[in-house]
Amino acid sequence: MNKEILVGVLGLIAWSLIIAVIAFVVGPDDVAGAKCGNMKWTGEGHDDNKPSSKEAKKLIDSGADVCEVAKKCDHMEIDVKIDNKQELHKTDMYQNAPAKIQEELDEYAEHGSGHDNPNIVCYEVEEAIKE
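Next comes the structure, spelled out in structure tokens:
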């Protein structure tokens, strides 16, 4: 009888550990430090493919967080273009971003993201929250 109880308790502990490991591996959606949810949107809600750089400028300077900017980029509602690191650091979007995302954006501002153009565009904003 004691052996059966011990096996049952050990089984329960093993399952608890497995669930804890899975929860840790899957983890929260804010891997880069932003609480952006799953950042997976449907194909619905995309605009007419004529994103506005004026709207982007207003958005990133009006206190919008990096998640909101990334979502609007994904929906092609805005066209972000930040020419250099100094300009980036002045934006509300950057100043309000978690440190990890700031580091990612700084990296993109210094070295680009594979397109040999060290500035920030929508692609970098979206990638920074995924890192």
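Numbering (this note's numbering), first residue to last: 180 to 310.
By construction, the Cβ of each residue, glycine as well, lies at the ideal position given by its N, Cα and C atoms.
In angstroms with no decimal places, state the Cα-to-Cα distance between residue i and residue j.
i, j, result
"Ile198", "Pro277", "29 angstroms"
"Cys215", "Lys309", "9 angstroms"
"Ser232", "Asp262", "12 angstroms"
"Val259", "Ala193", "49 angstroms"
"Ala243", "Glu256", "14 angstroms"
"Ala288", "Lys251", "20 angstroms"
"Lys264", "Cys301", "15 angstroms"
"Lys237", "Lys279", "24 angstroms"
With DSSP run on the structure shown, which of helix, strand or coil describes residue i?
i, result
"Val259", "coil"
"Val300", "strand"
"Ser231", "strand"
"Asn275", "coil"
"Ser195", "helix"
"Asp253", "helix"
"Asp285", "helix"
"Ala243", "coil"
Since residue i is in the alpha helix (DSSP H), which residue starts that stretch and which ends it?
i, result
"Cys215", "From DSSP, Cys215 is part of no alpha helix (DSSP H); its letter is neither H nor E."
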